[in-house]
Amino acid sequence: MLNLHSAVPRVSTPGTSTSSLHSIDWRAPWLAPYATTPVGARLNAALRAGQGVVHGLSAAAHPYHTTRTAPEPRTAAARRPNLPAFVPQDQLPVGQSYEGFIRQHWAVPTREHAHDLFNGLIWMHWPRSKAQLNALQSAEIERLGIQGRRGPVRDACTVFDENGAILLAPAALHDALIARDWMRLFWTLRPLWKQATCLIFGHALLEQLCSPRKPLCAHVLTLSLAHPSRTEISAISPELMDQQLAAALSASSMQPKPLTPLPVLGIPGWCADNASRAFYEDTSVFRPPRRT
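Below, the structure written as structure tokens:
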């Protein structure tokens, strides 16, 4: 049975791991925005019914499976693409890139564990943005080769895909984040976090957060999205957010790697231990910016 307790998480003991499907806490603050959506509810129901990852994702995404055609890059941001199919990992031929397979077949090779479960979860909530990232990565593989160097665009896309986050917050919080002024960001400006929302995009980070550890960092996208002042999650259309994010992702925008680290367990309400100022005095995690 899935763990649905609502207690504020605490930092896990080093060396422990609870990333099995049955220990996922869907009420954790980083998962709650996804667990309460229609597709999130369908996925939860499928998992509780004993379905595996591939079948669970397929059941949750079924209403959007009207075609197996991938959207063109230029239209990915303009309309909601139909969700890809989720297929067993063994359907990926030896030697073919994962990204190229998705692009060719509009199907995501999926393994039976939490990492790929969360990948599917993000596909279902950010379909335009995931399609755009796939298009960018596929283009880079075609240009540089699957065995060649990754290059800055593909590297940035991979980091954001695996570990990214979107921070919807007042400008003062963004400024403190960019400056890596952690005490100001998390403690001095703590009341402003009531106006902020951090949405985890990276599926690998969601997997790591199954066993919360203090050093875990997201890579927050620093590209400007439309309507940056609208920070209340209830006032933001998920479809609009996905459209804006997909429109912001391009080879030119990702080239300079527009990402900045955010120790996610420092976010107020994300960890019971951060109620104390001493939590943020740990410079092994909340590192001061490098002097130039």
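Residue numbers for the sequence shown follow UniProt numbering, so the first one is 1 and each next one is one higher.
C-beta: ideal position from N, C-alpha, C; glycine also.
Own chain partners of residue i with C-beta closer than 8 Å, once the 5 adjacent residues on each side are dropped
i: Pro93; result: Phe101
i: Arg184; result: Ala176
i: Asp155; result: Lys257
i: Ser276; result: none
i: Leu173; result: Leu167, Leu185, Leu189, Leu192, Trp193, Ala196
i: residue 313; result: Since the displayed the chain opens at 1 and closes at 292, residue 313 lies outside it and no answer follows.
9 Å Cβ cutoff met for residue i and residue j
i: Gln132; j: Ala246; result: yes
i: Gly40; j: Leu117; result: no
i: Ile166; j: Trp30; result: no
i: Arg48; j: Ala60; result: no
i: Glu162; j: Ala204; result: yes
i: Phe160; j: Ile267; result: no
i: His55; j: Ala45; result: no
i: Pro215; j: Val108; result: no
i: Val53; j: Leu21; result: yes
i: Arg210; j: Ser58; result: Sequence inspection shows Cys at residue 210; the Arg mentioned does not correspond to that position. In this structure, Ser58 does not lie closer than 9 Å to Cys210 by Cβ.
For residue j and residue i, believed in contact at Cβ under 8 Å, the rounded distance
i: Ser97; j: Leu249; result: In fact, because the Cβ distance is near 19 Å, the residues do not count as touching under 8 Å.
i: residue 293; j: Leu259; result: Only positions 1 to 292 of the chain appear in the structure, and residue 293 is not among them; the question remains open.
i: Gly202; j: Gly164; result: 5 Å
Sequence-distant residues of the same chain with beta carbon closer than 6 Å to residue i, five excluded per side
i: Pro289; result: Arg180
i: Glu140; result: Gly151, Val153, Arg154
i: Pro73; result: Annotation note: pLDDT 48 at Pro73 (below 50); position unreliable, no value reported.
i: Ala278; result: none
i: Asn119; result: His203
i: Gly95; result: none
i: Asp242; result: Trp126, Arg128, Ser129
Which residues DSSP lists as bridging residue i, in chain order
i: His219; result: Gly164, Pro261
i: Leu199; result: Ile166
i: Ala32; result: Partner(s): none; Ala32 has no beta bridge.
i: Pro88; result: Thr110
Top-ranked residue by Cα proximity to residue i, from the options
i: Ser224; options: Ala171, Thr158, Asn119; result: Ala171
i: Pro63; options: His203, Gly52, Met124, Gly145; result: Met124
i: residue 293; options: Asp90, Ser276, Arg287; result: Within the shown structure, residues of the chain are numbered from 1 to 292, placing residue 293 beyond reach of any answer.
i: Cys198; options: Ile24, Tyr34, Ser23; result: Tyr34
i: Ala28; options: Arg143, Arg111, Gln208; result: Gln208
i: Trp182; options: Thr283, Gln51, Gly50, Ala32; result: Thr283
i: His105; options: Phe86, Gln51, Ser237, Arg111; result: Phe86
i: Met254; options: Cys157, Gln244, Asp25; result: Cys157
i: Glu239; options: Pro127, Asp90, Gly95, Leu206; result: Pro127
i: Gln51; options: Glu142, Glu112, Ser237, Gln244; result: Glu112
i: Pro212; options: Gln91, Pro88, Pro263; result: Pro263
i: Trp26; options: Asp242, Asp90, Met241, Leu206; result: Leu206
Contacting residues, own chain, Cβ-Cβ under 7 Å from residue i (five flanking each side not counted)
i: Pro261; result: Cys217, His219
i: Ser138; result: Glu99, Gly100, Arg103
i: Ala251; result: Leu136, Val153
i: Thr37; result: His125
Check: residue i C-beta below 8 Å from any heavy atom of the ligand SAH
i: Gln51; result: The model depicted lacks the ligand SAH and carries no ligand whatsoever.
Neighbour flag for residue i against chain B, beta carbons, 9 Å
i: Ile267; result: Judged by its chain identifiers, the structure shown contains no chain B, having just a single protein chain.
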